[in-house]
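**Q** Protein chains in written order, with our numbering: chain W, 1389 to 1601; chain E, 1389 to 1601. Sharing a structure here in structure tokens format.
There are 2 protein chains.
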Amino acid sequence: MRIPKHIAVIPDGNRRWAENTGLKKHQGYTHGLDPGLLFLKLCQRYGVKELTYYGFTTDNCKRPKVQVNAFSEACVQAVKIIENEGVSLLVVGNTESELFPKELLPYTTRTNQDTDFIRVNMLVNYGWEWDLGHMHTSSNNRKNIYSQIKSHDISRIDLVVRLGGRNRLSGLLPIQSVYADFFSSNIMWPDFKEENFVSALNWYNSQDVTLGG
Amino acid sequence: MRIPKHIAVIPDGNRRWAENTGLKKHQGYTHGLDPGLLFLKLCQRYGVKELTYYGFTTDNCKRPKVQVNAFSEACVQAVKIIENEGVSLLVVGNTESELFPKELLPYTTRTNQDTDFIRVNMLVNYGWEWDLGHMHTSSNNRKNIYSQIKSHDISRIDLVVRLGGRNRLSGLLPIQSVYADFFSSNIMWPDFKEENFVSALNWYNSQDVTLGG
């Protein structure tokens, strides 16, 4: 079976799940922590080398403050959970904004760099315009372009897995996503289970790899 | 019904269609011309304001020469057909390469600029690395970033329609695609019919618009 080297996950649907469960929208995010840990363990078990979580974006921060506080706190908790799971961890996002949680500043340098641990990237207060906001490219050379984006330590994505039924990137890493295969599931993120992960891998295995060729 | 302002179409599946029909792979491309004209007429009828065709890419040019010649020639023919249909037409791609068809050089300046005609963009010898290859951005300002890409005259995409069953961008306009909804159809491009267009519009109408928020 062909296993993607790098999976990015868009953990969407927390607010809809909360409403469906009789909770307030912002109460959905903490219910996304267990699926986040499960997703990591499945990546480790199946031999995925790199995992990127779409934590929250600068666009998301236009939502009501109670929601912003809730998903920001969930990302802090997620990092605290993940760091103990044998990973090489990096938090990527705009640290110059007050919306970047200060507790995560120490993680903006990659941990465990010289290990064989799975590389885990958590996007926190990420914006595509922040990522591309200070580029000076001088040729069509792809390595040159990669070197100029702020997320340059995150590699090309093979598979995007999006929960919550939408089929769009919503600003996720535009350079790393150019050739990514995109798996969309109608399951809401708090309901994510191993079988959904296996469905994504089986679907990916049925695709060809052309890198645009 | 909510109609997308800007649709990009990825007309994939010509080669598979040809093989299924008993033709050689490269013979599929000319069978994509009629669907291309139909797609334009449907956009005009439904009030879409801008249409982008994913003609061919620098990545595609790694294929056998007989195929490269065939899809390049099909793009030239497509432009000749489309230009008479009441459109404001622009061809976008790397003209400095010998793989750019010389017949299309006159179309790299937009035609009928001050009309209410639908804006039609044809990507020809396009590469994402070419598009982003000479950027000098100085802030996170989106207009500044747009102004620096070579495809700056192509606006944000609302809906990507991909024929041929894949669910990926394959390098299509990474900046314009950041918030695009993505509709994938298993129909091969030469078999594209009005009902597939209507399916795409109905699906788009069922999505919400958040622009990442």
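All residues carry an ideal CB built from backbone N, CA and C; glycine is no exception.
1. How many angstroms separate the CA atom of residue 1489 (chain E) from the CA atom of residue 1397 (chain E)?
2. Going by C-alpha distance, which of E:1540, E:1434, E:1402 and E:1561 is nearest residue 1589 (chain E)?
3. Contact check, residue 1576 (chain W) vs residue 1557 (chain W) under 8 angstroms by CB: the rounded distance?
4. Applying a beta-carbon distance threshold of less than 8 angstroms, which residues of chain E neighbour residue 1448 (chain W)?
5. When the distance is taken between beta carbons, is residue 1483 (chain E) closer than 9 angstroms to residue 1496 (chain E)?
6. Output the residue ranges of the alpha helix (DSSP H) runs that lie fully inside the stretch 1432-1492 of chain W and measure 4 residues or longer, sorted by chain position.
7. By alpha-carbon positions, which one of E:1487, E:1411, E:1505 and E:1485 ends up nearest to residue 1473 (chain E)?
8. How is residue 1567 (chain E) classed by DSSP in three states: helix, strand or coil?
9. Would residue 1510 (chain E) be called buried (16 or more neighbouring beta carbons within 10 Å of its own) or exposed?
10. Using a Cβ-Cβ cut-off of less than 7 angstroms, give me the residues of the stretch 1480-1506 of chain W that come near chain E, in sequence order.
11. Below 8 angstroms, can you find three or more Cβ-Cβ pairs linking the stretch 1558-1576 of chain E to the stretch 1539-1546 of chain E?
12. Quick one: which residues of the stretch 1562-1575 of chain W get their C-beta closer than 9 angstroms to a C-beta of chain E? List them in chain order.
13. Measuring CA to CA, which of W:1409, W:1540, W:1452 and W:1493 is closest to residue 1463 (chain W)?
14. Select from the stretch 1511-1529 of chain E all residues with a C-beta closer than 8 angstroms to any C-beta belonging to chain W, and list them in chain order.
15. According to DSSP, which residues form a beta bridge with residue 1548 (chain W)?
16. Rounded C-beta distance between residue 1477 (chain E) and residue 1508 (chain E)? I'm assuming under 8 angstroms.
17. Can you pull the DSSP bridge partners for residue 1524 (chain W)?
18. Under three-state DSSP, which class holds residue 1498 (chain E)?
19. Apart from the five residues on each side of it in sequence, which residues of its chain come closer than 7 angstroms, Cβ to Cβ, to residue 1407 (chain E)?
**A** With the given structure in hand:
1. Counting from 1 along the second sequence, the entry for residue 1489 (chain E) is found at position 101. Counting from 1 along the second sequence, the entry for residue 1397 (chain E) is found at position 9. Rounded to whole angstroms, residue 1489 (chain E) and residue 1397 (chain E) show a C-alpha spacing of 21 angstroms.
2. As a first step, residue 1589 (chain E) must be located in the second sequence, where it is residue number 201. Comparing alpha carbon positions, the residue from E:1540, E:1434, E:1402 and E:1561 closest to residue 1589 (chain E) is E:1434.
3. Along the first sequence, read from residue 1 onward, the residue named residue 1576 (chain W) stands at position 188. Along the first sequence, read from residue 1 onward, the residue named residue 1557 (chain W) stands at position 169. A Cβ-Cβ separation of about 19 angstroms leaves residue 1576 (chain W) out of contact with residue 1557 (chain W) under the 8 angstroms criterion.
4. Here the question's residue 1448 (chain W) lines up with position 60 in the first sequence. Within chain E, the residues near residue 1448 (chain W) are 1600 and 1601.
5. Looking up residue 1496 (chain E) in the second sequence gives position 108. Looking up residue 1483 (chain E) in the second sequence gives position 95. Judged by beta-carbon spacing, residue 1483 (chain E) lies within the 9 angstroms limit of residue 1496 (chain E), meaning their Cβ atoms are closer than that value.
6. Assignment of alpha helix (DSSP H) within the stretch 1432-1492 of chain W, counting only whole runs of 4 or more residues, yields 1453-1470 in chain order.
7. In the second sequence, counting from the first residue as 1, residue 1473 (chain E) sits at position 85. Residue 1473 (chain E) has its Cα closest to that of E:1505, out of E:1487, E:1411, E:1505 and E:1485.
8. Against the second sequence, residue 1567 (chain E) aligns to sequence position 179. Coil, per DSSP.
9. Residue mapping note: residue 1510 (chain E) aligns to position 122 of the second sequence, counting from 1. The residue is buried, with at least 16 neighbouring Cβ atoms inside 10 Å.
10. The residues in question: there are none.
11. With the cut-off at 8 angstroms, the stretch 1558-1576 of chain E and the stretch 1539-1546 of chain E touch.
12. Within the stretch 1562-1575 of chain W, the qualifying residues are 1562, 1563, 1565, 1566, 1567, 1568, 1569, 1570, 1571 and 1572.
13. The count along the first sequence starts at 1 and reaches residue 1463 (chain W) at position 75. Of all alpha-carbon atoms in W:1409, W:1540, W:1452 and W:1493, the one lying nearest the alpha-carbon of residue 1463 (chain W) is that of W:1493.
14. Listed in sequence order: 1515, 1516, 1517, 1518, 1520, 1521, 1522, 1523, 1524, 1525, 1526, 1527, 1528 and 1529.
15. Position 160 of the first sequence, counting from 1, holds the residue named residue 1548 (chain W). Paired residues: W:1396 and W:1570.
16. What you label residue 1477 (chain E) is simply residue 89 of the second sequence in a count that begins at 1. What you label residue 1508 (chain E) is simply residue 120 of the second sequence in a count that begins at 1. Confirmed, Cβ separation roughly 5 angstroms.
17. Numbered from its first residue, the first sequence carries residue 1524 (chain W) at position 136. Looking at the DSSP assignment, residue 1524 (chain W) forms a beta bridge with E:1524.
18. Mapped onto the second sequence, residue 1498 (chain E) falls at position 110. Looking at residue 1498 (chain E) - three-state DSSP - the assignment turns out to be coil, as it is neither helix nor strand.
19. Within the second sequence, numbered from 1, the residue matching residue 1407 (chain E) stands at position 19. Cβ neighbours of residue 1407 (chain E) beyond the five flanking positions: 1413.
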